[in-house]
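Heads up: the structure comes next, in structure tokens.
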Amino acid sequence: MQGTFPEKSVELRRILVLFPKDWDLVELEHPRYQAGYRFFFEGFDLFRFPDNARLLTFDARRYVDRLARKYRGRIDGVVSNNEHFGTLIAAALAQRLGLPGADPAVIIAAQHKYYSRCMQQRIVPEATPRFEALPYDDGINDPPHIGFPCFVKPVKATYSVLARRIDSFAQLRALMDFSPLERLILRKLVQPFDDLMRLYTPFTIGARAMIAEEILDGVQVNIDGYVHKGRITVLGIVDEVMYPGTQAFMRFEYPSQLSPEVQQRMVALTEKLLAGLDYSHGFFNVELIVDPQSGAIRIIEINPRMASQIANLYRRVDGCDPYGMLLDLAVGNAPQTVSGAGEFRAAASFVFRRFDGRAADSVPSAEQIAAMHRSYPDARLILYLKRGAGLAREMKWLGSHRYAVLNLGGRDAADLQLRYEAIRRELALDAGAGSASTSRIASSI
């Protein structure tokens, strides 16, 4: 994945991509970027063996030092959509090299779920649920003061690992009953964040802690956009649809079916929040929830990065280019936005899950996937196949396992549904618990 350093030119911008995700690689290999950019890739997959064995000896500060020596004067920008610690390392490296980027301290404040809540409470108290930190280095000895039921999650994690509703102290202690191997994995996963947190902030509660929050009910959404020189631009709002009776994502739908009035209030809240955080550069993905009865909007979490899985939904519907915008930001340019000019009027990202602990019954071959792409050129399918201990660990930590994601557009919701069903049958994909239909969320708020 490495390349030789080209001579600097006005036409060719050189971008370092840290800890690239599957969606990043799919997008950046497109010819539309090859004429103007040269990409370099660094990092490893945190969740696939043997790559993730590097976590055992990984030192984030030394890693930033090494990349600074290697790329000083040889790149024009650095990006990462990796939520675990890639985004933070990219910010630290950009600051070290004098390249456009976010303040690492702001990234940390946004990503550390406890300190992020503290900031939210100061900026938008009406949108911040009750919360408290639950350090677990010495075990969980006392129940949370906010009582049960509550929602518990790590202060630093990804893919909703260990995040769930807790109804009793016994459930909480069972959730935190880690084996020695699991404790080692969790410690190594958060150590890079902890190391950089101590370097850039005065925070004292490290990443080996949980946060307990009051239960939030309602319609969940993602609001996506970017900030350039402090100016906030919202791309749109995506509805999150869960598997029935769970907190597991079933699909993401764009455009949102919430009323224009609710969407306007969500945009205003997001703008106030980001300005208060002093987040002045980069993509953002803010998860919000609205109560259908009261209309109250609450913050779920702030992600100071692009949500790469759903970013391409905006291309399908609006004709905009989120990855092109990301690259513009990386070199300090103001992105250009487009709305309503896409090939489709509806788009969704469908998540295939199993809740029974079994691996996928059938796996489409490369030939089948290629044939599907010929019939549906806009479709993008990515497989996340697990077996053995990795599958068992994901089931324990998440309560389900994601084995495939399909992104797709349609002329409208009905056409999107037909195209989805045709691909699912063609590739023999099991929709998991419940039906991954594209029926819209009814809303009058």
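Going by this note's numbering, the sequence shown opens with residue 60, and the numbers climb by one from there. Note that CB positions come from ideal geometry on N, CA and C, so glycine has one too.
The beta strand (DSSP E) spanning residue i covers which residue range?
i, result
"V183", "That residue, V183, is in no beta strand (DSSP E); it is neither H nor E in DSSP."
"S367", "Element bounds for S367: not the beta strand (DSSP E) but the alpha helix (DSSP H), S367 to D377."
"F98", "Y96 to E101"
"M256", "Note, M256: premise wrong, no beta strand (DSSP E); alpha helix (DSSP H) at P239 to Y259."
"Q352", "Run containing Q352: none; DSSP gives neither H nor E here."
"R417", "Taken as a continuous stretch (DSSP letters only), R417 belongs to no beta strand (DSSP E), as it is neither H nor E."
"G295", "R290 to M301"
"L440", "R439 to L442"
"Y313", "F308 to Y313"
"I358", "I356 to N362"
"M269", "A268 to E272"
Rounded C-beta distance between residue i and residue j? I'm assuming under 8 Å.
i, j, result
"G468", "F403", "3 Å"
"R310", "V376", "That belief does not hold up - the Cβ atoms of R310 and V376 are roughly 15 Å apart, past 8 Å."
"G437", "D350", "It is Asp, not Gly, that sits at residue 437 in the sequence shown. At roughly 35 Å, the Cβ-Cβ gap does not stay under 8 Å, so D437 and D350 are not in contact."
"V390", "P159", "7 Å"
"A127", "R155", "5 Å"
"M256", "H171", "7 Å"
For residue i, name the three-state secondary structure that DSSP assigns.
i, result
"C209", "strand"
"L71", "coil"
"V422", "coil"
"Y338", "coil"
"N466", "strand"
"H143", "coil"
"D474", "helix"
"G136", "strand"
"P188", "coil"
"L221", "coil"
"H204", "coil"
"L193", "strand"
"R107", "coil"
"G321", "In the sequence under discussion, the amino acid at residue 321 is Val, which differs from the Gly named in the question. In this structure, V321 counts as helix in the three-state DSSP scheme."
"A216", "coil"
"L347", "strand"
"R128", "helix"
"F228", "helix"
"R483", "helix"
"F78", "coil"
"H171", "coil"
"V165", "helix"
"A407", "strand"
Report the rounded CA-to-CA distance for residue i versus residue j, giving the unit in angstroms.
i, j, result
"A169", "D337", "10 Å"
"A405", "I369", "13 Å"
"P202", "G157", "46 Å"
"Y382", "F262", "33 Å"
"A463", "L440", "7 Å"
"L75", "K247", "24 Å"
"L240", "R324", "45 Å"
"Q279", "F99", "36 Å"
"L328", "L372", "23 Å"
"R413", "V293", "34 Å"
"V300", "S408", "10 Å"
"M60", "M269", "Confidence at M60 is low in this model, with a pLDDT of 43, below 50, so the placement of that residue should be treated as unreliable; the coordinate-derived value is given next. Going by the C-alpha atoms only, they are around 36 Å apart."
"G289", "E312", "28 Å"
"R125", "I148", "12 Å"
"R133", "V123", "15 Å"
"L332", "S175", "11 Å"
Can you tell me which of the options puts its alpha carbon nearest to the alpha carbon of residue i?
i, options, result
"V152", "H143, E142 and V138", "Reading off the sequence, residue 152 comes out as Leu, not Val. Among H143, E142 and V138, the Cα nearest to that of L152 is on V138."
"F103", "R417, Y92, F117 and R97", "F117"
"S227", "P261, D254, P213 and I199", "I199"
"G401", "L385, A419, N392 and D380", "D380"
"N344", "L475, Y174, Y443 and I291", "I291"
"Q322", "D124, V297 and H89", "V297"
"Y302", "A430, L84, G458 and W82", "G458"
"I27", "C209, R113, R364 and D135", "Shown here, the chain extends from 60 to 504; a query on residue 27 therefore has no answer."
"N392", "Y92, D162, L248 and H287", "H287"
"M454", "P363, L475, K331 and A222", "A222"
"K215", "Q316, A271 and L317", "A271"
"S238", "R461, N466 and A448", "A448"
"W456", "L245, N140, L475 and A355", "L245"
"A281", "M269, A268 and G295", "According to the sequence provided, residue 281 is Asn. The question's Ala does not apply to it. That would be G295, whose Cα lies nearest to the Cα of N281."
"R97", "L87, P394 and G416", "L87"
"S421", "Q93, E330 and A487", "A487"
"R181", "A150, G335, V326 and Q306", "G335"
"D253", "Y130, A119 and R133", "A119"
Just curious, the alpha helix (DSSP H) that residue i is in, first and last residue?
i, result
"S282", "According to the sequence displayed, residue 282 carries Ile and not Ser. No alpha helix (DSSP H) contains I282, which is instead part of the beta strand (DSSP E) from V278 to H287."
"E385", "At residue 385 the sequence reads Leu, which differs from the Glu that was named. Unbroken alpha helix (DSSP H) run through L385: P381 to A389."
"R91", "P90 to Q93"
"L450", "G447 to L457"
Should residue i be listed as close to the ligand PLP, given that the test is whether its C-beta is under 7 Å from any heavy atom?
i, result
"R72", "Here there are no bound small molecules, and the ligand PLP is not part of this structure."
Does residue i have its Cβ less than 8 Å from a Cβ in chain B?
i, result
"A481", "No chain B is part of this structure, which consists of one protein chain only."
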